[in-house]
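K.L.:
Chains A and B are the protein sequences, given in the same order. In terms of this note's numbering, the first sequence is residues 1 to 104. In terms of this note's numbering, the second sequence is residues 105 to 372.
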Amino acid sequence: MRKILFIVIAAALAIGCATVSNIQPKETDLAAMQQKVPGISLEEAHQGFKIYKFNCGGCHNLHKPTDYTISGWQKVLPEMLGRAKITSEKEAELLMNYLFAKSK
Amino acid sequence: MKRLMLITVIIYGTMNVQAQDRYFARTYQTNVLPKGAIDLEFWHTSRIGHSGQFYHAQDQRMEIEFGVGKNWQTALYFNRYQTRFSTSTEGTEVSNEIGFSNEWKVKLSDPVANKLGVALYGEWGFKGGDELELETKIILDKVIGKHLFAFNGVYEFEKEFEWEAGAAKSNGYEMPVELDLAYMYNASKTVGIGFELRNHNEIAKGKGWEHSVLFGGPTINFRGNRWFVIANYLPQWVNLHKTNIAPGNKVLDEHERVEARILVGISL
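1. Taking Cβ positions, are alanine 308 of chain B and glutamate 264 of chain B nearer each other than 8 Å?
2. For arginine 188 of chain B, write down the residues that DSSP places opposite it in a beta bridge.
3. Helix, strand or coil for glutamine 340 of chain B per DSSP?
4. Please classify glutamine 35 of chain A as buried or exposed, where buried requires at least 16 other C-beta atoms within 10 Å of its C-beta.
5. Using the Cα positions of arginine 83 of chain A and asparagine 329 of chain B, report the straight-line distance between them to the nearest angstrom.
6. Let me confirm a value: valine 76 of chain A is counted as buried when at least 16 other C-beta atoms fall within 10 Å, else exposed. Which label applies?
7. Evaluate the contact criterion for the region 229 to 241 of chain B versus the region 39 to 53 of chain A: three or more CB pairs, one atom per stretch, below 8 Å.
8. Looking at aspartate 373 of chain B: is its Cβ nearer than 8 Å to the Cβ of tyrosine 185 of chain B?
9. What do you reckon, are the CB atoms on histidine 148 of chain B and arginine 365 of chain B nearer than 8 Å?
10. State the Cα-Cα distance for the pair isoleucine 334 of chain B and leucine 144 of chain B, rounded to the nearest angstrom.
11. Once DSSP output is grouped into helix, strand and coil, what is the label at leucine 62 of chain A?
12. Going by DSSP, which residues form a beta bridge with asparagine 256 of chain B?
13. Return yes when the Cβ of isoleucine 40 of chain A is within less than 8 Å of the Cβ of glutamate 91 of chain A, no when it is not.
14. Kindly identify the DSSP beta-bridge partner or partners of threonine 323 of chain B.
15. Spell out whether any CB of chain B is found under 8 Å from the CB atom of glycine 72 of chain A.
16. If you run the structure through DSSP and keep just helix, strand and coil, what is threonine 28 of chain A?
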C-alpha cells in the first residue's frame, strides 16, 4: 500500500509540475499574440499567465483564453479581477493583455 | 479606454468577494484561495446504521478559509460530534464531543494550466480533549471541458489518550489510509452532477490491516456567484479486505451503512 501511494505521488508530481497545457504563452505564439495586443512581449505574456493561473485558478477552474473573444473578456473581467484580489493596476494590465492576446 | 476599464475593475474589486468553487462533498480539489480572500463553509454529515443497534452520528463542522499567498491556504475548523445509539431495548444514549482542527494546503500545479492539478494538504486537530488526529493528503484533479476528475490519497494518524493521575496515557494508534475518487459533469455554470467513491483502509498498531471498506454514491452541486451547496449520499458497498477482525461483507461496527453530507459555502 505504501509503495503504491509513493509511486502515485511521484508520478503525479512529475506530471503536474513538469508539464503545461497550451494556454501557457510560447515563443511560437508571439506573432499571433502581437496581432491582438501590439507590442506585447513573451515575458509580459508569461507574467499575465502566472497571475491568471494563481489568482483566478484559486477560486474556480480556469477557462481557456480561447473560450472568449476580446469583447467577451472585457465583459467578464471587471467583476472577476476584483474577486481574484487583483487590485494593482500593473497586474490587472498584464492579465488583461495575456487574455486578450490568447483570446478567440 | 483600457485605463478606464482598469480603474473600473479595481473599484469593483474592492467591493466583491466570492466563495471558492468546490464541487465535491468528500474529495478535495487543488484550488487555493488568492491572498486576502476569505470563505466560510458549513458541513453537516449524518452517519446512520450499525449492526444490531440503532446508531445515528451527526458531525458538524464550521470552516473558515484564508488565502495566505504564494499558493498557500489555511483553514480553521470548529467541530461538533453528536452520537445517538442504543445499547439495549430501554432507549438510546447520546454522546457529545467538540473539536478543533487546522488545515494547510499548497497548490503545486493547476488542473487547466498544467496537465494535472496537484496539491499537498495537511491537517491537525483535537477531538474531545482525548484524541489527536493528523491527516495528510495528496490531491490530484483534472478538468476536461465540462468533466471534472479528482483523486485524493489520504494518510491519517489517530491517537487516543486517557488521563490518569494527571498524566496522558495511550495504548496505541491507528493509521488509516483512504483513497477517494470523484467525477462530476458540470451540466451548466450552476449545476453539476457526479459521484464519489471512498475506500477506507483501517490499519492499527498491533492489528495490521483490519479492513478495506468501499463507499460510493452520487453528489450534486449547485452554485452561484457567492455560494455553493453540495449534497452527497454515500452508502457502504463492500468490505474488500476481510480479516478475522472484520470477516463480513460489510463493516458495521466501525463504519455505518450510509453517510450523507450537505455542505454550504458562502463568501464573507
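Beta carbons: idealized from backbone N, C-alpha and C, even for Gly. Because the structure is a prediction, the values reported are computed rather than measured.
P.N.:
To lay it out plainly:
1. Here residue 308 of chain B refers to the residue found at position 204 when the second sequence is read from its first residue. Here residue 264 of chain B refers to the residue found at position 160 when the second sequence is read from its first residue. Cβ distance not < 8 Å, so alanine 308 of chain B and glutamate 264 of chain B don't count as in contact.
2. In the second sequence, residue 188 of chain B corresponds to position 84, counting from 1. In the DSSP assignment, the residues bridged to arginine 188 of chain B are B:His160 and B:Val198.
3. In the second sequence, counting from the first residue as 1, residue 340 of chain B sits at position 236. In the three-state DSSP reduction, glutamine 340 of chain B falls in the strand class (E or B).
4. In the first sequence, residue 35 of chain A corresponds to position 35, counting from 1. Its Cβ having fewer than 16 others within 10 Å, glutamine 35 of chain A is exposed.
5. Within the first sequence, the letter at position 83 stands for residue 83 of chain A. Within the second sequence, the letter at position 225 stands for residue 329 of chain B. Using only the alpha carbons, I get a separation of about 10 Å.
6. Sequence index remark: in the first sequence, residue 76 of chain A carries index 76 (1-based). Valine 76 of chain A should be labelled exposed.
7. Proximity of the region 229 to 241 of chain B to the region 39 to 53 of chain A falls short of the contact definition, fewer than three beta-carbon pairs being nearer than 8 Å.
8. With chain B covering only 105 through 372, there is no way to say anything about residue 373 of chain B.
9. To locate residue 148 of chain B, count along the second sequence from 1; it is residue 44. To locate residue 365 of chain B, count along the second sequence from 1; it is residue 261. Histidine 148 of chain B places its beta carbon less than 8 Å from that of arginine 365 of chain B.
10. In the second sequence, the residue the question calls residue 334 of chain B occupies position 230. In the second sequence, the residue the question calls residue 144 of chain B occupies position 40. Approximately 14 Å between the Cα atoms of the pair.
11. For the purposes of this step, residue 62 of chain A is taken as residue 62 along the first sequence, with counting starting at 1. Here leucine 62 of chain A sits in coil by DSSP.
12. Locating residue 256 of chain B in the second sequence gives position 152, where the first residue counts as 1. According to DSSP, which records beta bridges pairwise, asparagine 256 of chain B is partnered with B:Ile243 and B:Asp284.
13. Indexing the first sequence from 1 puts residue 91 of chain A at position 91. Indexing the first sequence from 1 puts residue 40 of chain A at position 40. The Cβ atoms of glutamate 91 of chain A and isoleucine 40 of chain A do not sit closer than 8 Å to each other.
14. Looking up residue 323 of chain B in the second sequence gives position 219. The partner list for threonine 323 of chain B (beta bridge, DSSP) reads B:Gly298 and B:Asn336.
15. Within the first sequence, the letter at position 72 stands for residue 72 of chain A. Not one chain B Cβ lies under 8 Å of glycine 72 of chain A.
16. Walking along the first sequence from the start, residue 28 of chain A turns up at place 28. Helix.
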